[in-house]
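Q:
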Amino acid sequence: MKNKTNQITVIYILISMFLAIVCNKLFLEYISPIKYLSYSFIKDALFILISGIILKYVLSKNDIKNSAVFKKLKNTNDEIKESNERYDIVAKATSDTIWDWKIQEDSLLWNKGIEVVFGYKQDEVGKSSKWWFDNIHPEDSIKMSIKLYSFIEQKTEKWQDQYRFKCADGSYKYVLDRGFLLKDENGKAVRMIGAIQDITKQKEEEQRLKLLETVITQTKDSIIITEADLNDGKIPKIVYVNPAFSIMSGYQSNEIIGKSPNILMGPNSDNKEYEKLITAIKNREECQVETISYTKNKDEYWVSFSMLPVYNSDGELSHWVSIQRDISEEKKQEVEKEQLIRELTRNNKDLQQFSYITSHNLRAPLSNLTGLLNLIEDIPIENQELKEILDGFKKSTHLLNETINDLVKVIVIKDNPSIQKEDIELKEAFENVFSQLDFLIDLHKPIIKIDFEKASFLNTNKAYLESILLNLLTNSIKYKSENQKLKITITTNPNKDDDTITMVFKDNGIGIDLERNRNKIFGLYQRFHDYPDSKGLGLYLVKSQVETMGGTIGIESEVDKGTEFTLTFKNK
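Following numbering that gives the first Met the number 0, the numbering of the sequence shown begins with 0 at its first residue and continues without gaps.
1) Do F304 and V320 have their C-beta atoms within less than 8 angstroms of each other?
2) Assign G232 to one of two classes, buried (16 or more other C-beta atoms within 10 Å of its C-beta) or exposed (fewer than that).
3) S317: which of I487, T225, M306, M548 sits nearest, CA to CA?
4) Short of 7 angstroms in beta carbon distance, which residues of its chain neighbour P493, apart from the five on each side in sequence? Order them along the chain.
5) Quick check on the DSSP output: the beta strand (DSSP E) that includes D441 runs from which residue to which?
6) For a quick check, are the C-beta atoms of K571 and N460 less than 8 angstroms apart?
7) Among the candidates F150, Y539, N474, whose CA atom is the shortest distance from the CA of I520?
8) Measure the C-alpha to C-alpha separation of L107 and G186 and round it to an integer number of angstroms.
9) Helix, strand or coil for C582? Go by DSSP, reduced to three states.
10) For I198, does the three-state DSSP call read helix, strand or coil?
11) Quick one: any contact between the segment 438 to 448 and the segment 467 to 482, if contact means 3 or more CB pairs under 8 angstroms?
12) Measuring alpha carbon to alpha carbon, tell me which residue in G265, V189, P242, I489 is nearest N296.
13) Using three-state DSSP, classify F451 as helix, strand or coil.
14) Pop quiz: G510 and G553 are said to be a contact at Cβ under 8 angstroms. What is the actual Cβ separation, rounded to whole angstroms?
15) CB-CB under 6 angstroms to D160, same chain, minus the five flanking residues each way: which ones, in chain order?
16) Tell me the DSSP secondary structure of E381 in three-state form.
17) In terms of alpha-carbon separation, which member of T551, V541, I487, V558 lies closest to R515?
18) How many angstroms separate the CA atom of N605 from the CA atom of V57?
19) Going by DSSP, what residues sit across from G553 in a beta bridge?
20) Buried or exposed for N382, going by 16 or more other Cβ atoms inside 10 Å?
21) Determine the direct distance from the alpha carbon of T396 to that of D377, and round the result to whole angstroms.
22) Buried or exposed: which applies to T491, given that a residue is buried once 16 or more other Cβ atoms fall within 10 Å of its Cβ?
23) Since I280 contacts I234 with CB under 8 angstroms, what's their CB separation in whole angstroms?
24) Taking 8 angstroms as the threshold (C-beta atoms), are V432 and L472 in contact?
Here is the structure:
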């Protein structure tokens with residue numbers, strides 16, 4: 000800068016001297032004598048030299064001042080550049096979306112965060128606050144804008160708010176927006192700079208925690224949270240209990256927090272279960288325990304609870320959570336159930352013994368009675384009344400014999416749940432049954448249709464199958480309708496999904512009122528018609544035999560329209 004000042008000064012002196020010489024020559028030629036010209040030129044030269052010195056001084060002062068201004072501007076630019084670099088680094092480090100709003104001009108600028116966080120390209124971003132407010136969730140927009148403009152009017156410097164901001168794909172993110180207000184010398188708000196932080200995950204986690212808190216506080220199960228480590232060999236100290244725990248145990252939270260759950264144990268608590276729990280805590284394993292606990296008033300109650308380890312983000316054990324349920328009523332019912340099973344087992348054995356004794360004790364006199372009645376048939380009886388009495392007696396004896404035989408079959412089924420199975424041709428089984436019912440079939444001449452084409456063989460017990468068919472056919476003939484010809488249809492269908500065979504046995508007899516009798520249709524000694532020879536054992540026997548073979552039986556029936564039985568047999 001100093002060389003430049005000297006150059007300017009020299010140029011100034013040279014030009015001034017040149018002009019002075021030219022002017023003096025002109026003055027001499029046209030106006031003044033030579034003596035006066037020398038004097039005038041010397042005076043001009045001195046003036047030019049003095050003014051040059053003054054010019055140099057002035058220029059030197061200006062150079063010093065300009066150097067100071069330049070240095071200051073350079074420092075300012077360096078500071079601005081450094082600030083911008085810090086701004087960019089902070090923006091990248093925090094992933095925040097930075098915005099700069101010139102309030103008077105309503106000019107809004109965004110950094111690259113608007114694209115990184117929300118997915119907007121630069122040409123999609125509006126340049127005014129309208130675009131900003133238009134992309135705030137409708138439920139949050141009015142509330143947020145009122146709070147923002149109220150903040151600007153109050154002229155405080157710092158502002159923050161939470162709202163939902165729309166992304167480029169139409170979804171919304173929860174954001175935390177912080178702003179700083181800049182004012183002019185008159186205190187008027189002229190500019191606002193802010194940073195938007197995506198807090199969607201925190202908000203979702205907050206909502207999840209609130210939901211969990213609601214579940215924990217509202218659930219009827221007792222929940223205990225303890226410390227991580229054993230407390231002098233005891234269960235870790237309690238740090239939280241929910242309201243259900245206080246209801247269950249009688250201890251309020253301030254009475255139990257800081258103490259070990261060992262306080263709930265008593266004389267009848269299961270020590271083996273306690274040792275199992277301590278071992279699980281030492282090994283940091285989940286554990287399920289059932290034991291007797293004690294309330295604050297020392298009342299006993301059965302409790303079933305689990306201990307679950309909770310780990311922090313570093314994989315370190317931080318707490319144990321115990322979910323407890325009062326199972327006192329269940330235990331009581333379990334004891335009553337076991338007592339009832341013992342009584343039923345004993346009663347069942349007594350009934351079986353009674354059935355054996357009854358059937359065997361009646362066999363001998365019944366055989367004798369049948370033999371005597373057969374002998375009487377050979378003796379001619381002229382008295383008609385006596386003959387009718389003997390016929391009735393013979394019929395009753397025959398029914399009694401059938402009843403005892405059926406009872407014996409039921410006893411055999413109940414005593415032998417496992418039966419021998421074999422492959423049976425259904426057509427052959429039906430022929431055996433028909434031969435036993437020749438007399439009834441010839442007497443009533445029913446129309447019987449049989450279709451075994453889809454399933455002609457069945458792996459089951461032959462005696463049981465023939466007994467089932469015999470009972471069903473006998474019932475169909477016995478309870479036929481007097482108003483129409485009896486029709487019986489029997490079909491079989493295989494079920495490939497579960498390897499079973501379904502048999503449908505259908506007739507058009509008098510039917511059964513299922514609205515009144517469905518729940519007792521297969522019961523023992525259940526009768527649904529006023530037939531004198533009905534014993535109420537047939538359907539009970541059929542169901543027992545079907546279920547013993549691992550099958551099922553269902554019924555659909557309508558009065559005066561007929562009955563349909565659906566039997567399903569396991570075919571293996």
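Idealized CB from N, CA, C, for every residue including glycine.
A: Reading from the atomic positions:
1) With respect to the 8 angstroms criterion, F304 and V320 are not classified as neighbours on the basis of their beta carbons.
2) By the Cβ-count criterion, G232 is exposed, with fewer than 16 other Cβ atoms from all chains shown falling within 10 Å of its own Cβ.
3) The candidate whose alpha carbon is nearest that of S317 is T225.
4) Once the five neighbours on either side are set aside, the close Cβ partners of P493 are K453, A454, I500.
5) For D441, no beta strand (DSSP E) run applies; the uninterrupted alpha helix (DSSP H) run containing it begins and ends at 437 to 443, by DSSP.
6) In this structure, K571 sits away from N460, with a CB-CB distance that is not shorter than 8 angstroms.
7) When only C-alpha atoms are compared, the closest one is Y539.
8) In a straight line, the C-alpha of L107 is about 21 angstroms away from that of G186.
9) Because the chain is modelled from 0 through 571, residue 582 falls outside the range shown and cannot be assessed.
10) Here DSSP, grouped into helix, strand and coil, assigns I198 to coil.
11) With three or more CB-CB distances shorter than 8 angstroms, the segment 438 to 448 counts as touching the segment 467 to 482.
12) Closest option to N296, judged by alpha-carbon separation, among G265, V189, P242, I489: G265.
13) Three-state result, F451: coil.
14) So it is not a contact: roughly 15 angstroms between Cβ atoms.
15) The answer, listed in chain order, is M143, K146, D176.
16) Of the three classes helix, strand and coil, the one that applies to E381 here is coil, per DSSP.
17) Comparing C-alpha distances from R515 to each of T551, V541, I487, V558 shows the shortest one belongs to V558.
18) Shown here, the chain extends from 0 to 571; a query on residue 605 therefore has no answer.
19) Beta-bridge pairing links G553 to T565.
20) Result: exposed.
21) Looking at the two C-alpha atoms, the distance is approximately 18 angstroms.
22) T491 should be labelled buried.
23) For I280 against I234, the beta-carbon gap comes to about 7 angstroms, under 8 angstroms, which counts as contact.
24) A distance below 8 angstroms separates the beta carbons of L472 and V432.
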